[in-house]
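Numbering (UniProt numbering), first residue to last: 1 to 292. Virtual Cβ for every residue (Gly too), placed ideally from N, Cα, C. Quick caveat: nothing in here was measured; it's all calculated off a predicted structure.
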């Protein structure tokens, strides 16, 4: 993302960056850039210092303060001799700087270094947000995504659904077949659930055999259809223990839907409602979907 008020400067930067193999988005001021980056983060953000009502330095600070944007590698454009502004930029959270007039060789070298750092950041972020055993999102990543989708649903006045998922009799599976087989069940279950989910939908492991599914833009009908499809996918799993004996696997689902008028509902509220519905599914005999 390139943020510069001057179209000429943006055109020069775009030409250099595209020549180096980078995909480029543009913004004419920092407010426009921040909005675009919050909706769809870029790996690298290049900004001038005076870029609208909000300075490029404040934009850097805001990006570094945001949970979903703090990883973005920020580069500030300075003029030769602006050492005080350069120091202010680095103190505001900028990771690097480039000086005007631009030197093509230096620019491409700095961008290659920035791309390497961005890749490392992405890998580390993936490790920090992923459950090591199953590959599902971990609890922290799921809660953050849930809170983000609640905000988006409120902004657009659209519904969204959350389902709590619990494997039935999982302790018995561990006791009967061993923990290695239990781990195999967890891994296979996550693979089966992920295979049924679409773009934007997220599966998280909250702990043990308990999972949660985030269904953006889903109302009650869509949420029930998806939850039932997921339930069947688990029921049809074929998992064997170390002795090649089959392990029956089923799961219970508790579904809740955030309606557009529920502006004060929080992520904790939705998880509590889904958990209550999950308890009802267990009480009703397991291997079913209950809404609440």
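Whether residue 215 touches residue 226 by CB criterion (7 Å): Taking C-beta atoms as the reference points, residue 215 and residue 226 count as a pair closer than 7 Å.
Spatially closest choice to residue 253 from 266, 243 and 228, by CA coordinates: Answer by Cα proximity: 228.
Cβ-based neighbour list, residue 167, same chain, cut-off 6 Å, excluding 5 preceding and 5 following: 209 and 251.
Member of 16, 7, 223 and 66 whose CA lies at the smallest distance from the CA of residue 160: Looking at the Cα atoms, 223 is the closest of the given residues.
Residue range of the unbroken alpha helix (DSSP H) whose run includes residue 74: Element bounds for residue 74: not the alpha helix (DSSP H) but the beta strand (DSSP E), 73-79.
Whole beta strand (DSSP E) elements within the region 121-186, 3-residue minimum: The qualifying runs are 160-167.
Where residue 30 sits in the DSSP three-state scheme: Note: residue 30 maps to helix in three-state DSSP.
Three-pair Cβ contact test at 8 Å for the region 74-94 versus the region 24-33: They do not touch, by the three-pair rule.
Boundaries of the alpha helix (DSSP H) in which residue 220 is found, first to last residue: Looking at the DSSP string, the run of the alpha helix (DSSP H) that includes residue 220 is 220-235.
Three-state secondary structure (DSSP) of residue 284: Three-state result, residue 284: coil.
Own chain residues within Cβ distance below 8 Å of residue 20, not counting five before or after: 107, 108, 111 and 112.
Whether residue 114 touches residue 73 by CB criterion (7 Å): One thing to note: residue 114 has its Cβ within 7 Å of the Cβ of residue 73.
Given residue 200 as reference, the closest of 179, 149, 128 and 193 once Cα atoms are compared: Out of 179, 149, 128 and 193, 149 has the C-alpha closest to the C-alpha of residue 200.
Beta-carbon proximity check, residue 136 vs residue 86, cutoff 7 Å: Cβ distance not < 7 Å, so residue 136 and residue 86 don't count as in contact.
Residues sharing a beta bridge with residue 204, DSSP: 137 and 212.
Continuous beta strand (DSSP E) assignments of at least 3 residues falling wholly in the region 249-275: The region 249-275 is shown to contain whole beta strand (DSSP E) runs of 3 or more residues at 251-258, in chain order.
Bounding residues of the beta strand (DSSP E) (the contiguous stretch that carries residue 51): From DSSP, residue 51 is part of no beta strand (DSSP E); its letter is neither H nor E.
Candidates 6, 7, 60 and 247: closest to residue 177 by CA position: When only C-alpha atoms are compared, the closest one is 247.
Inter-stretch contact (C-beta, 8 Å, three-pair minimum) for the region 254-272 and the region 139-147: The region 254-272 vs the region 139-147: in contact.
Beta-carbon separation (whole angstroms), residue 165 vs residue 219, contact threshold 8 Å: Their Cβ separation, rounded to whole angstroms, is 19 Å, which puts residue 165 and residue 219 out of contact at 8 Å.
Separation of residue 102 from residue 45, as counted between CA atoms: Roughly 16 Å separates the two Cα atoms.
N-terminal and C-terminal residue of the alpha helix (DSSP H) that residue 10 is part of: It spans 7-19 - the alpha helix (DSSP H) in which residue 10 sits, taken as one unbroken run.
Given residue 126 as reference, the closest of 171, 163 and 68 once Cα atoms are compared: Out of 171, 163 and 68, 68 has the C-alpha closest to the C-alpha of residue 126.
Cβ-Cβ distance between residue 47 and residue 59 below 7 Å: In contact: residue 47 and residue 59 (Cβ atoms closer than 7 Å).
C-alpha distance - residue 297 paired with residue 132, whole-angstrom precision: The question about residue 297 has no answer, for the chain in this structure spans 1 to 292.
Proximal residues to residue 187 (C-beta, below 6 Å), its chain only, five neighbours per side dropped: Correct list, in chain order: 134.
Proximity to residue 294 [Cα-Cα], best of 213, 231 and 265: This structure gives no information on residue 294, because the portion of the chain shown stretches from 1 to 292.
Length of the line joining the Cα atoms of residue 40 and residue 63: When rounded, the distance between both Cα atoms is 13 Å.
Local conformation of residue 112 per DSSP, three classes: Looking at residue 112 - three-state DSSP - the assignment turns out to be helix.
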